[in-house]
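Using my numbering, you'd call the opening residue of the sequence shown number -16 and step up by one each time. We put the beta carbon where it would ideally sit given N, CA and C, even for glycine. In this text the structure is predicted, and so the values were computed from the model without any measurement.
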Amino acid sequence: MALLCACGPIVPLGGTDTDSADATAEGPTDDSSPSTTVSTSPSTTSPSTTAPGCIPGDCPPGYDCIDGVCQYTGYCADGYCCYDTCCGFECGWYYECFDNVDCAPGQACLYNQCQYVEPEAECESVDLTFLLPIPSFGDGVTALAFADLGPGPGQELVVSGVSTIGIADAGGGLQVIAAVPSVTDVAAGDIDNDGDLDIVYAGSDGGSTAHVLLNDGNGGGWAPVNLPTNAAGAQIELVDFGGDGTLDVVLFGEQDATYVMWNDGLGGFSSAEYVWDATVSLVPGDLDGSGLPDVALHSYETYAMQDGPFSAFELYTGVYPYKRALAVANFDGQGSEDLIGIESVNGVSLVTMWPGSLFVGNPWMFTSWPQPIDVVSAGDINQDGYADVVGGGENGVLMVGYGQPSPSPDLVVCVGQTNSAGAIRMIDVGEFSGDGRLDVAVSDGESAWVHLRSG
């Protein structure tokens, strides 16, 4: 086995515009010009960061406290040194970082150099301050999903506990529809094409790890169906991967592979078919304006699957974040849907935006938001005709990035925030109150609330 040892910035090798379904392969280069200008050449200037009176431990990676000032001394991490020579300034080049966490808050590790990221403009407080608590099952909350399941105005909220699935309404009701051994995620859609919405869930039950609750449409009950798979996967999504008008079931997870179970349109499914490796976030949408469903996912990097699950276009940005929460919607009101990816790092969020058709030109833009965001959803919160991205994290701050009409890659005009009732570990957007305006459901894993429009 040959050992390739290099100490300059990593620049991806050439390739085609599509990757195979082998997510371990390096993706293509991105020849577009990002709005954030970054250098792909090794740095040859010794940086320093002023921190008068520093002591050891105050300085960022690659810096030492010398004479009360953090000065660059070379980033020497295990596995990144060549023949006992550290990648340091004395060699004429250096690695300043290997990941965004190595940089100061509000900076991104682009081509192994910490680069300042422009902060997004801040808006006034978000009009989502009225909190409506959702009744509890007593076994925690594992997932939330809005769906139109009842005769009344607005949508209902599908809520799952560790071993319970139920439906909550804006009047304070909570109907239990299934008691099962375990539930880790839920989604809603018309599985059997009979005109009413069904529920799918991930969890171990009857030798299967993916399941359907078929809605009889008359209030008579939910028929359980175990899908033919025992593949591991904590999350579940519905996607018309085949483009035939039927929803297929996608099972995936951060520690597991990604599988598709093909729907025959009558409620029957194929066995699970492997289509990708472990996936942190996966969301459907029309990313190329073709009218056919696509999928954006974050695995080793962020990828877009065009019109099917067997090829992926890598959305390379010069850095490989470990986690990105993804949202797809028409944020700028122009043509096809757009993609926003958010990474929580060092107490803030680094936000990457890909506008328009992801398969033509692949422009992108970085901004930073002042709060950490781990989970996201999307919808037109302020009813201006442009979708907004909504997210939150462990500190319990709900943030809304408002979409705007813009020919540039900047899809967001400003971000606003309001406090929630606890950590935000789950989120979904839907019309819960029946007033025609979108609300936001959140949960900390123990309890759930809905942020209602107060104005």
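Margin query: Checking the sheet assignment: what are the DSSP bridge partners for P445?
Written below: Here the chain has residues from -16 to 438 only, and residue 445 is not among them.
Discussion item. Going by DSSP in three states, D85 sits in which element: helix, strand or coil?
Written reply: Translated into positions along the sequence shown, residue 85 becomes position 102. When secondary structure is reduced to three states using DSSP, D85 falls in the helix class.
Worksheet item: Per DSSP, what kind of secondary structure is V433 in: helix, strand or coil?
Response: Taking the sequence shown and counting its residues from 1, the one referred to as residue 433 is at position 450. In the three-state reduction of the DSSP assignment, V433 falls in the strand class, which pools E and B.
Under DSSP, the beta strand (DSSP E) around E107 begins and ends at which residues? Walking along the sequence shown from the start, residue 107 turns up at place 124. Element bounds for E107: n/a, residue is neither H nor E.
request  = Could you check if E326 is buried or exposed, using at least 16 other CB atoms within 10 Å of its CB as the buried criterion?
outcome  = As a working note, residue 326 is residue 343 in the sequence shown. The residue is buried, with at least 16 neighbouring Cβ atoms inside 10 Å.
Open item on the list: So, with DSSP's three-state summary, where would you put S351?
Closed with: Taking the first residue of the sequence shown as 1, we reach residue 351 at position 368. S351: strand per DSSP, three-state reduction.
ask   = Where does L394 sit, in a helix, a strand or coil, going by DSSP?
value = Start at 1 with the first residue of the sequence shown, and residue 394 comes out as number 411. Looking at L394 - three-state DSSP - the assignment turns out to be coil, as it is neither helix nor strand.
Roughly how many whole angstroms lie between the Cα atoms of Q90 and V331? As a working mapping, residue 90 is identified with position 107 in the sequence shown. As a working mapping, residue 331 is identified with position 348 in the sequence shown. For the pair Q90 and V331, the Cα-to-Cα distance works out to about 10 Å.
ask   = If you check the beta carbons only, do G376 and I407 fall under 8 Å apart?
value = By one-based count along the sequence shown, residue 376 stands at place 393. By one-based count along the sequence shown, residue 407 stands at place 424. Taking C-beta atoms as the reference points, G376 and I407 count as a pair closer than 8 Å.
Check your understanding: Can you tell which of H194, V278, G154 and D173 has its C-alpha closest to the C-alpha of V163?
Key -> Counting from one through the sequence shown, the residue named residue 163 turns up at place 180. Of the candidates H194, V278, G154 and D173, the one whose C-alpha sits nearest the C-alpha of V163 is H194.
With H, G and I counted as helix, E and B as strand and the rest as coil, what does DSSP make of V195?
Here the question's residue 195 lines up with position 212 in the sequence shown. Collapsing the DSSP output to three states places V195 in a strand.
| With 16 other Cβ atoms within 10 Å as the buried cut-off, status of N176 | Counting from one through the sequence shown, the residue named residue 176 turns up at place 193. Looking at its Cβ environment, which holds fewer than 16 other Cβ atoms inside 10 Å, N176 is exposed.
Original post:
Where P118 and V372 are concerned, what is the direct C-alpha to C-alpha distance, given to the nearest angstrom?
Top reply: Counting from one through the sequence shown, the residue named residue 118 turns up at place 135. Counting from one through the sequence shown, the residue named residue 372 turns up at place 389. Distance between the alpha carbons of P118 and V372 is about 26 Å.
Checklist entry - Helix or strand or just coil, what does DSSP make of G149? => result As a position in the sequence shown, residue 149 is number 166, starting the count at 1. Three-state result, G149: strand.
Count the other CB atoms within 10 Å of the CB of L249; is the residue buried (16 or more) or exposed (fewer)?
The residue labelled residue 249 in the question sits at position 266 within the sequence shown. With a threshold of 16 other beta carbon atoms within 10 Å, L249 falls short and is exposed.
Checklist line | Beta-carbon proximity of L394 to M336, cut-off 8 Å | finding: As a position in the sequence shown, residue 394 is number 411, starting the count at 1. As a position in the sequence shown, residue 336 is number 353, starting the count at 1. By the CB criterion at 8 Å, L394 and M336 fall inside the cutoff.
Exercise for review: Give a yes or no on whether the C-beta atoms belonging to Q400 and N378 are separated by under 8 Å.
Suggested key: Here residue 400 corresponds to residue number 417 of the sequence shown, with the count starting at 1. Here residue 378 corresponds to residue number 395 of the sequence shown, with the count starting at 1. Going by C-beta atoms, Q400 is not nearer than 8 Å to N378.
Check: For E103, which of V433, P392, R420 and F415 has the nearest alpha-carbon?
Finding: Within the sequence shown, the letter at position 120 stands for residue 103. Cα-wise, what sits closest to E103 is P392.
Subject >> Range covered by the beta strand (DSSP E) that runs through V302 >> reply: Along the sequence shown, read from residue 1 onward, the residue named residue 302 stands at position 319. Taken as a continuous stretch (DSSP letters only), V302 belongs to no beta strand (DSSP E), as it is neither H nor E.
The stretch 105 to 115 contacting the stretch 427 to 437, beta-carbon criterion three pairs below 8 Å
Counting Cβ pairs under 8 Å, three or more are found: they touch.
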